[in-house]
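Take a look at the structure below.
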Amino acid sequence: MASNKVPLKGYMDGIDISAWQDTIDITKVPCDFVIVKATEGTDYKNRYFAKHCDQAMKAEKLLGAFHYANGGDPHSEAEYFIAYSKKYVGKAILVLDWEGQNNPQFGRSDRAWCKEWCDHVYRKTGVKPLIYIQKSAMDNVKGLGYRLWVAQYPDYERTGYQEHPWNEGQYECDIRQYTSVGRLPGYDGNLDLNKSYIDKTTWKKYAAKKTDGTQGKDAGSNSGKSNNKKKWLIIDLIFNLGLLFIFKYTNFFLDNINNLFNLNIKFLTISLPIGISFYTFQILTYVIDVYKGKVGVQKSVINLGCYISAFPQLIAGPIVRYETVNEELDERCENIENFATGIRRFIIGLFKKVVIANEMAYVADTLFGSDIAQLGVIGMVVGGIAFTFQIYFDFSGYSDMAIGLGKMLGFNYLENFNYPYIARTITDFWRRWHISLSTFFRDYVYIPLGGNRCKRMRHIFNLFVVWTLTGLWHGASWNFVFWGLFYFVLLVLEKFVFKNIDKLPKVLGHIYTFSLVTFGFIIFYFTNTSALVEAIKTLFGVHGLGNLSVFSHYQIIRVRTILVFILAIFACTPIFKNMLDKKNKMSDIIILVLFILSIVGILASSYNPFIYFRF
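Heads up: the sequence shown at position 97 corresponds to 96 in numbering that gives the first Met the number 0, and the numbers run straight through without jumps.
See the structure below:
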């Protein structure tokens, strides 16, 4: 039964309620805080919301308001919540309730949907929301830059407030919900009981509107200041993009000028700084978000420098946005559990790179580095699949290592890949592949151009701009432009012509997507235009089907290569991750074996190219 608790210093006990507790009188129930359901989806409002909020404020209880997601348009759901709860914005913490019931996006697009909703609420209200999530799905929303309210129950036995809830301390969260059948004096019914790990002062800080210009609609209200901000933004964009152009694209530009006008302008003899595209884009996200009022100005040179040049992801990504690590620059959680998790993640990434990607690189470079005309269709297909595996395990491996190193240091970087090779459409593939880059172009190019909220031809033009830039971002060569335009055509076809392509049987959807992705990466591989043309001709049978003698000649058929091919197929699916995520002795042994194999691979070979270092 309920206790007349004396909370630990800095900790508080509280409840969350909805219309199910319509008769409750908050003034009569012992609690430090109450979080009230406001809305669900875009068609449900809790009619008792204001009544219960007013009761809480009258009793001087700390207040929260939450929205239950239905998985519709995140911006529409955010606006619906803001409109209904606006009376309490600045007084209550705001929460997104992310659960599986009545939510088709749960378990499918958790990170993207939650971030869209939270970003929208933060931008419009100046209040940074929390995310409510069950413990089993906690990892799906960690690292988004928003704090967590986590639900985990030991059982369904009635209880009062618990000083030390079951499994306390096993993971980090700001609020812990530990039962749905709590009983307290003053209310004859079940209640959700919660323990807050933040104190009263911090709660009020979370609820308060930011005064640093976070609200987009308030930013730039002074026309003179707005004009100055715009000038500095333009100067910064010109400076950073100018440096990127000089180092990465000058010689490409000069080469085309020479060819077009039959000139002989000398190329610049400059080296490309490692990772320049990644840290340039990180700088741009910070500057643009400050200009828009999405984040406050970072006044510490040390913190800003740490954000721009943090070594885990400096040279090969993922692209980290300032808002993701803003709070962690000052308040990082560094503990044994996070360090151990980071080590595991680093080892997985190292294994992907050293064991799988390097072996696939051997196959692809051996075949594509030979006389292409001799390969035939079979040789091109095998080489294309090998390179498709290589580039995924190379880049996702590095992202895993960067995320792992960040975890060791107390930073929670966002995921950069979500099993892209299990996608059934090209649209779905780009939701899963290099997520930090695709979301960058979406938020900083596509949406500012008008996104899809415009006429069809303008929409197509917006896609054209985005995919041309996406191609150029990858390198100063025409094959990258062709690669970007290839996806532009595919996405236009899926959006406007083959609208039901996702209705294909699963097997056909996977074959369709993987085949086109492989073809795209063949374009990606050949930076020499003549070699690219020859490769495509060979792929489409101009030089015949080919035969196995090619593989024997180049020593491609060997047990190790075949085993790694099989392993690559397996590791492209969630099965690999699910097996390693289990915290048991078997998974620990597997991690140790992966580490040993990685070390052996490093010692046995000097061939360790990182593809994305050149970007």
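All C-beta atoms in this analysis are idealised placements derived from N, C-alpha and C, irrespective of residue type, glycine included. Since this is a predicted model, take the numbers as computed values, not measurements.
On the DSSP letters alone, give me the boundaries of the beta strand (DSSP E) that residue i sits inside.
i: residue 36; result: 32-39
i: residue 188; result: 186-195
i: residue 178; result: 174-183
i: residue 148; result: 147-150
i: residue 93; result: 91-96
Please state whether DSSP places residue i in a helix, a strand or coil.
i: residue 51; result: helix
i: residue 15; result: strand
i: residue 215; result: Low confidence applies to residue 215: its pLDDT is 41, below 50, so where it sits in the model is not reliable enough to give any reading.
i: residue 220; result: Residue confidence is low: residue 220 scores 41 on pLDDT, short of 50, so the model does not pin down where it sits. No coordinate-derived value is stated.
i: residue 65; result: strand
i: residue 604; result: coil
i: residue 131; result: strand
i: residue 412; result: coil
i: residue 43; result: strand
i: residue 158; result: strand
i: residue 599; result: helix
i: residue 2; result: Confidence at residue 2 is low in this model, with a pLDDT of 38, below 50, so the placement of that residue should be treated as unreliable; the coordinate-derived value is given next. Coil.
i: residue 126; result: coil
i: residue 516; result: helix
i: residue 594; result: helix
i: residue 28; result: coil
i: residue 296; result: coil
i: residue 324; result: helix
i: residue 496; result: coil
i: residue 319; result: coil
i: residue 541; result: coil
i: residue 140; result: coil
I'd like to know whether the C-beta atoms of residue i and residue j end up nearer to each other than 8 Å.
i: residue 571; j: residue 421; result: yes
i: residue 158; j: residue 181; result: yes
i: residue 208; j: residue 323; result: no
i: residue 521; j: residue 534; result: yes
i: residue 517; j: residue 355; result: no
i: residue 245; j: residue 277; result: no
i: residue 51; j: residue 25; result: yes
i: residue 465; j: residue 444; result: yes
i: residue 93; j: residue 64; result: yes
i: residue 137; j: residue 87; result: no
i: residue 160; j: residue 12; result: yes
i: residue 143; j: residue 132; result: no
i: residue 38; j: residue 10; result: no
i: residue 273; j: residue 247; result: no
i: residue 596; j: residue 350; result: yes
i: residue 469; j: residue 440; result: yes
Mind checking which residues open and close the alpha helix (DSSP H) that includes residue i?
i: residue 383; result: 375-408
i: residue 476; result: Here residue 476 belongs to no alpha helix (DSSP H), and DSSP marks it neither H nor E.
i: residue 23; result: Counting along the chain, residue 23 falls outside any alpha helix (DSSP H), and DSSP gives it neither H nor E.
i: residue 286; result: 275-290
i: residue 531; result: 528-538
i: residue 200; result: 199-206
i: residue 167; result: Neither: residue 167 is in no alpha helix (DSSP H) and is coded neither H nor E.
i: residue 365; result: 357-367
i: residue 437; result: 434-440
i: residue 84; result: 73-84
i: residue 427; result: 425-431
So, under 8 Å CB-CB, residue i and residue j are touching, yes? Tell me the CB distance rounded to an integer number of Å.
i: residue 70; j: residue 45; result: With 8 Å as the limit, residue 70 and residue 45 do not qualify as a contact, their Cβ atoms being about 19 Å apart.
i: residue 110; j: residue 140; result: 6 Å
i: residue 280; j: residue 475; result: Between residue 475 and residue 280 the Cβ distance is about 16 Å, and since that is not below 8 Å, they are no contact.
i: residue 618; j: residue 390; result: Since the first residue shown for the chain is 0 and the last is 614, residue 618 is missing from the structure and cannot be characterised.
i: residue 126; j: residue 89; result: 7 Å
i: residue 479; j: residue 471; result: 6 Å
i: residue 283; j: residue 239; result: 6 Å
i: residue 418; j: residue 164; result: That belief does not hold up - the Cβ atoms of residue 418 and residue 164 are roughly 34 Å apart, past 8 Å.
i: residue 463; j: residue 487; result: 6 Å
For residue i, decide whether its Cβ has a neighbour in chain D, counting only Cβ atoms nearer than 8 Å.
i: residue 235; result: No chain D appears in the structure shown, which is made up of a single protein chain.
Is residue i near the ligand MN, judged by its Cβ being under 7 Å from some heavy atom?
i: residue 293; result: As far as ligands go, the structure on display features none, and thus does not contain the ligand MN.
Inset, instruction - Report yes or no: do three or more beta-carbon pairs, one from the segment 112-123 and one from the segment 72-82, lie closer than 8 Å? - result: yes
Legend entry - Inter-stretch contact (C-beta, 8 Å, three-pair minimum) for the segment 585-599 and the segment 403-411: no
Legend entry - contact_flag[the segment 371-385, the segment 539-548] where n(CB pairs < 8 Å) is 3 or more: yes
Inset, instruction - Decide if the segment 229-239 is in contact with the segment 286-294; the criterion is three or more beta carbon pairs, one per stretch, under 8 Å apart. - result: yes
Inset, instruction - Check whether the segment 469-485 touches the segment 498-507, counting contact only when three or more Cβ pairs, one atom from each stretch, lie closer than 8 Å. - result: no
Legend entry - At least three beta-carbon pairs within less than 8 Å, the segment 140-155 to the segment 173-188: yes
Legend entry - Segment contact, 8 Å Cβ cut-off, at least three pairs: the segment 395-405 with the segment 334-352: yes
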